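Colleague: When the sequence shown is numbered by the UniProt record's numbering, its final residue is 108 and no position is left out of the sequence of numbers.
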Amino acid sequence: MNKTIDDIDFEKSGGLVPVIVQDANTKDVLTLAYSNKESLELAKKTGKSWFYSRSRNKLWMKGEESGNTQEIREILVDCDSDAIIYLVEPSGPACHTGENVCFHNELK
């Protein structure tokens, strides 16, 4: 079933929805971020990973500082319309630490 941005339930979680970013080729989970309606519209329009930073209270594009951009190949919406997956082709590491994925720490 196809969905539009207007189908996304941003209000359920205070205006933001979680976005799982996954490598389109390897299927590795790269990171988890959040989007508001405006950042999702930018992602759809530009084909780049756009998010909303909760700590900085602003929109940001992955790679705008590091150069490690992510080209979106597909955007998937879950059955409740309150979570999203960006399937991307990354141009470098996803994590700000330089790791390929943000999920590189094991909970002991």
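Just so you know, even glycine gets a beta-carbon here, dropped at the ideal spot from N, CA and C.
Here the structure is a predicted model, which means the values were calculated and not measured.
(1) Could you tell me which residues DSSP puts in a beta bridge with Phe51?
(2) Using the C-alpha atoms, what's the distance from Phe103 back to Asn2?
(3) Measure the alpha-carbon distance for Leu32 versus Ile20 and round it to whole angstroms.
(4) Based on Cα-Cα distance, which residue from Asp80, Gly98, Asp6 lies nearest to Glu41?
(5) Looking at the secondary structure, which residues open and close the beta strand (DSSP E) in which residue 174 lies?
(6) Assuming the contact rule is C-beta atoms closer than 8 Å, Ile72 and Gly47 should be a hit. Round their C-beta distance to whole Å, please.
(7) So, at 6 Å on beta carbons, what are the nonlocal neighbours of Gly15 in its own chain, with the 5 sequence-adjacent residues on each side left out?
Modeller: With the given structure in hand:
(1) Trp60
(2) 30 Å
(3) 5 Å
(4) Asp6
(5) No statement about residue 174 is possible, as the shown extent of the chain runs from 1 to 108 and does not include it.
(6) 5 Å
(7) Asn36
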